[in-house]
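S.K.:
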Amino acid sequence: MNIKGSMNKYCPRCHKYTEHTISTYKKGQDRNRAQGKRRMDRKTKGYGSFPKPIQHRFAKTTKKTALKYKCKDCGYIIQTKGMRLKRLEVVRT
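Note that our numbering has the sequence shown beginning at 1142, numbered continuously upward.
Below, the structure written as structure tokens:
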């Protein structure tokens, strides 16, 4: 799916419709010493396998892609709910 690189959208900080640039959400770097990471490392260390079985049937074929809209006036970023897409391309004009 192709999406334009910018669009007019309501900015809650400016309280008016302004031009927003569109980009996709990217996951940040994991914290190495986070509690969940330490817990998972404890569960998976040693000769054993994963603590839960791997799902083999009825898995999703796509991932959800969230969009970020950045206001050109104030720089406020709005993130939308993700939508399921095979491929997303932001077209810069």
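Positions of the beta carbon are idealized from the N, C-alpha and C atoms, including for glycine.
No experiment lies behind these values; they were computed from the predicted model shown.
#1: So what does DSSP say about residue 1225, is it helix, strand or coil?
#2: For the 8 Å Cβ check, are there 3 or more pairs between the segment 1184-1198 and the segment 1143-1162?
#3: If distances are taken between C-alpha atoms only, which option among 1210, 1205 and 1211 comes closest to residue 1227?
#4: Based on Cα-Cα distance, which residue from 1179, 1166, 1183 and 1196 lies nearest to residue 1207?
M.R.: On the basis of the supplied data:
#1: strand
#2: no
#3: 1205
#4: 1166
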